[in-house]
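Note that the numbering used here has the sequence shown beginning at 7, numbered continuously upward.
Cβ atoms here follow ideal geometry from the backbone N, Cα and C, with glycine treated the same way.
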Amino acid sequence: MSSLSSAPYKGTRDYYPADKRRQNYIFGVWARMAKRFGYEEYGAPLLEPLEVYTAKSGQELVGEQTYRFTDRGDRDVVIRPEMTPSISRMVAAKRQELAYPARWFSIANFMRYERPQRGREREFWQLNVDMFGADGVQADAEIISLGFETMKAFGAKPDMYVIKLNSRKVIDAMMHDYLGLDPIQAPLMVKLFDRKNKISNEAFRDQAIEIFGTEQAKEGLSKIAQLLLAKEIENLPKEIAENPAVEELHQLFSILKGRGVTNATFDITLMRGFDYYTGTVFEFFDTHPDNNRAMFGGGRYDGLVGLFGAEPLSAVGMAPGLSMTELFLDSHGLMPEFTSTTEVYVAVLGDALPGASTLTARLRDEGVNTELDITGRKIDRQIKTAVKKQIPYVLFVGEEELKNETYNLKDTHTGDEETLSFERLVTRVKDRRHKHSTDVDELFE
Numbered sequence: 007m008s009s010l011s012s013a014p015y016k017g018t019r020d021y022y023p024a025d026k027r028r029q030n031y032i033f034g035v036w037a038r039m040a041k042r043f044g045y046e047e048y049g050a051p052l053l054e055p056l057e058v059y060t061a062k063s064g065q066e067l068v069g070e071q072t073y074r075f076t077d078r079g080d081r082d083v084v085i086r087p088e089m090t091p092s093i094s095r096m097v098a099a100k101r102q103e104l105a106y107p108a109r110w111f112s113i114a115n116f117m118r119y120e121r122p123q124r125g126r127e128r129e130f131w132q133l134n135v136d137m138f139g140a141d142g143v144q145a146d147a148e149i150i151s152l153g154f155e156t157m158k159a160f161g162a163k164p165d166m167y168v169i170k171l172n173s174r175k176v177i178d179a180m181m182h183d184y185l186g187l188d189p190i191q192a193p194l195m196v197k198l199f200d201r202k203n204k205i206s207n208e209a210f211r212d213q214a215i216e217i218f219g220t221e222q223a224k225e226g227l228s229k230i231a232q233l234l235l236a237k238e239i240e241n242l243p244k245e246i247a248e249n250p251a252v253e254e255l256h257q258l259f260s261i262l263k264g265r266g267v268t269n270a271t272f273d274i275t276l277m278r279g280f281d282y283y284t285g286t287v288f289e290f291f292d293t294h295p296d297n298n299r300a301m302f303g304g305g306r307y308d309g310l311v312g313l314f315g316a317e318p319l320s321a322v323g324m325a326p327g328l329s330m331t332e333l334f335l336d337s338h339g340l341m342p343e344f345t346s347t348t349e350v351y352v353a354v355l356g357d358a359l360p361g362a363s364t365l366t367a368r369l370r371d372e373g374v375n376t377e378l379d380i381t382g383r384k385i386d387r388q389i390k391t392a393v394k395k396q397i398p399y400v401l402f403v404g405e406e407e408l409k410n411e412t413y414n415l416k417d418t419h420t421g422d423e424e425t426l427s428f429e430r431l432v433t434r435v436k437d438r439r440h441k442h443s444t445d446v447d448e449l450f451e
């Protein structure tokens with residue numbers, strides 16, 4: 007019988023303690039910033055009925071990327087591939103009971119069956135931040151500002167990334183009023199624009215010709231060329247510029263500028279692939295040459311709540327992902343260095359385990375994260391274990407130390423040692439904790 011593989015399922019990750027420290031740091035910043043903006047945490051089931059996604063998420067997601075199965079009750083269910091339909095369902099269920107605007111956030115895992123690649127896995131973690139019941143561009147500006155302030159909390163400077171903005175209303179005007187596409191052609195062209203930066207110019211041209219058809223292709227390609235030259239809202243063709251949504255974009259840029267968001271820019275090619283977006287769409291895009299790609303995005307989706315039988319309700323949200331955030335922080339040298347969450351390793355000398363156990367309990371009562379060596383190994387093995395676990399301090403406890411109530415504390419990073427009373431020992435550890443902390447609550451004090 008062959009042995010089982012120790013590798014995780016394709017497209018998923020094992021999170022060893024060192025990986026969890028990085029993950030928990032990112033989750034902590036996310037949660038703290040969402041709460042700072044007045045958002046409340048919620049949770050939703052891992053499984054959802056298939057129809058929750060078929061209505062608006064898009065055929066590619068539902069037909070090709072969902073983990074779909076029939077349960078023992080013959081129900082067609084999926085492992086959630088995103089959170090937006092779930093939260094819309096939850097809001098619809100208590101539509102009349104909630105106070106608006108409702109501001110909610112969650113940090114959760116999802117699964118999509120797609121090709122694993124750098125920064126994209128089949129199981130992935132996201133922050134989901136959503137506001138319901140606020141119609142104007144002020145709500146869009148708040149969500150984008152939250153993203154900007156969250157990046158700042160990670161240490162990011164505005165020149166490290168750009169915030170690309172567009173509007174699905176502007177996109178609709180572009181497709182129908184300017185390019186003259188019919189209801190069948192328009193969504194195909196939206197999806198092509200959404201892939202523009204991922205395919206060659208030749209492939210983009212050939213697929214655009216196929217969508218236009220032979221008679222429309224020459225004029226259509228000329229108009230697309232004009233669109234791609236519109237780097238500012240002011241450069242949009244007249245057929246699009248007269249749309250009221252363009253004025254909304256002007257207002258949004260003005261509000262963001264007033265809030266200190268200096269790296270927002272208009273991008274006519276930004277589409278956001280999901281079918282449920284109805285207004286503003288945006289993406290935070292890393293400008294580092296080693297990671298020049300979209301990190302996360304979001305937008306306005308005013309139609310989803312109404313699909314669940316409730317009165318329609320406006321909504322806007324965003325969803326930063328864990329892997330892309332890690333890549334951004336690593337690329338820009340912003341990821342902190344982490345040590346073990348255990349602060350003191352109690353190394354036992356001779357037969358002092360009973361007394362060392364009592365001392366360990368006292369340290370824990372004082373709030374010090376302490377591991378007690380219970381193996382009876384030689385002292386050099388105990389020290390090696392503490393160093394390998396990246397525990398900052400080793401505390402040597404023998405009968406003499408217990409009798410004198412003074413203890414030898416070794417810094418595993420510098421090798422420095424000092425003899426301290428119990429009270430001084432606790433103070434020293436807590437001083438280090440505050441100085442070197444990557445605990446988010448302490449970082450934000």
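If you check the CB distance, P55 and V83 come in under 7 Å. Distance between P295 and F334, taken at the CA atoms: about 11 Å. Inter-residue distance for Y31 and N249 is about 43 Å (C-alpha atoms, whole angstroms). Nearest in C-alpha terms to K26, of all of I389, R387 and T345, is T345. Between V350 and Y399, the C-beta spacing is below 7 Å.
In this structure K158 is exposed. Its beta-carbon is surrounded by fewer than 16 other beta-carbon atoms within 10 angstroms.
Secondary structure of G361 (DSSP, three-state): helix.
Straight-line spacing of the CA atoms in T268 and D80 works out to 52 Å. Look at S112 here: in three-state DSSP terms it is strand.
Counted as a single uninterrupted DSSP element, the stretch harbouring N207 is not any beta strand (DSSP E) but the alpha helix (DSSP H) occupying residues N207 to F218. Secondary structure at K390: helix, using DSSP grouped into helix, strand and coil. Annotation for R109: G44, Y45 and M137 place their beta carbon closer than 6 Å to its own, counting only its chain and skipping 5 residues before and after. Comparing C-alpha distances from T391 to each of V354, A192 and D141 shows the shortest one belongs to V354.
Per DSSP, S320 lies in no alpha helix (DSSP H) segment and is marked neither H nor E. The residues R174, G305, R306 and Y307, in chain order, have a CB closer than 8 Å to that of Y283 in the same chain once the five nearest residues on each side in sequence are set aside.
Just measuring C-alpha positions, the residue of A98, L53, E70 and E88 sitting nearest T76 is L53. Its Cα nearest to that of F154, the residue F302 stands out among F302, W131 and L242.
In the structure shown, the three-state DSSP call for V135 is strand. Between the stretch 190-197 and the stretch 315-330, the count of C-beta pairs closer than 8 Å stays below three; the two stretches do not touch.
If you draw a straight line from the Cα of P14 to the Cα of Q71, it comes to about 19 Å.
The continuous beta strand (DSSP E) containing M301 extends over residues A300 to R306.
For Y413, the enclosing beta strand (DSSP E) stretches over residues T412 to D417. For V58, the closest C-alpha among the options F116, M89, S11 and M166 is that of M89.
R74: member of the beta strand (DSSP E) spanning Y73 to T76, first to last residue. Counting only runs of 3 or more residues that sit fully inside the stretch 133-191, the beta strand (DSSP E) segments are 167-173, in chain order.
With at least 16 other beta carbons inside 10 angstroms of its own, K416 counts as buried. The beta carbons of G17 and P122 sit about 4 Å from each other, so the pair counts as a contact at 8 Å.
Using a Cβ distance threshold of 7 Å, D200 and G279 count as a contacting pair. Counting of Cβ neighbours within 10 angstroms places H440 among the exposed residues, the total staying below 16.
The three-state reading of DSSP puts M89 in coil, since its state is none of H, G, I, E or B. In the DSSP assignment, A40 falls within the unbroken alpha helix (DSSP H) covering P23 to R42.
The bridge partners DSSP lists for S427 are T412. Excluding its 5 nearest sequence neighbours in each direction, A316 has C-beta neighbours in its own chain below 7 Å: A98 and R101, listed in chain order.
In the three-state reduction of the DSSP assignment, P193 falls in the helix class, which pools H, G and I. Between M117 and E127, the C-beta gap is not smaller than 7 Å, which leaves the two residues out of contact.
It is roughly 18 Å from the alpha-carbon of N134 to the alpha-carbon of G125.
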